[in-house]
Amino acid sequence: MANTETALKEAITIEGAIGAALVDYTSGMALGTIGGGKEFDLTVAAAGNTDVVRSKVRTMEHLGLKDEIEDILITLGTQYHLIRLMKGRGANGLFLYLALDKDRANLAMARHQLKKIEAELDV
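Each position in the sequence shown, counted from 1, maps to that position plus 3 in the numbering used here.
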């Protein structure tokens, strides 16, 4: 089982990765970040994507959908933003966030690798 730091270090090695974070969507706080920079503040991204997750969860409740969100993909002109909701003991209310450079990333492979990281992460 990997800890937060190890999981984020593995996430940033995904081809095309710009930054990654483990986020608590009940508070909007990033529990850990890696990458990013002056032009890409992962703390701001974590807080903003918390609103995306909360909105989708609320919408599913209103629709009466009895299903789970695996991941949420946001496609920008030059980037992919991947949000993977965590499952399992102690992981409720958390998500992994990964920003990717669209020209360098393989989206299918990134989703696969992020799923593997999530499965190995012990929070």
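In this text, a Cβ means the ideal position worked out from N, Cα and C, and glycines have one as well. Source: prediction; values computed, not measured.
Bounding residues of the beta strand (DSSP E) (the contiguous stretch that carries residue i)
| i | result |
| --- | --- |
| Ala-23 | 20 to 27 |
| Gly-35 | 32 to 38 |
Backbone CA spacing between residue i and residue j [nearest angstrom]
| i | j | result |
| --- | --- | --- |
| Gln-82 | Val-60 | 24 Å |
| Met-63 | Glu-18 | 32 Å |
| Ala-23 | Leu-101 | 4 Å |
| Thr-36 | Glu-13 | 12 Å |
| Glu-8 | His-65 | 36 Å |
| Asp-74 | Arg-87 | 4 Å |
| Ile-21 | Val-56 | 20 Å |
| Gly-91 | Gly-51 | 24 Å |
| His-115 | Ile-72 | 15 Å |
Counterpart residues of residue i in DSSP-defined beta bridges
| i | result |
| --- | --- |
| Ile-86 | Ile-75, Tyr-100 |
| Ala-50 | Per DSSP, none; premise fails for Ala-50. |
| Leu-124 | Ala-5 |
Buried versus exposed, by CB contacts within 10 Å (16 or more), residue i
| i | result |
| --- | --- |
| Phe-43 | exposed |
| Glu-121 | buried |
| Ala-111 | exposed |
| Leu-99 | buried |
| Gly-39 | buried |
Segment limits, alpha helix (DSSP H) that includes residue i
| i | result |
| --- | --- |
| Ala-108 | Where Ala-108 is concerned, there is no enclosing alpha helix (DSSP H), given that its DSSP letter is neither H nor E. |
| Glu-8 | 7 to 14 |
Cβ of residue i within 8 Å of any chain D Cβ
| i | result |
| --- | --- |
| Leu-124 | Here chain D cannot be found, since the structure has a single protein chain. |
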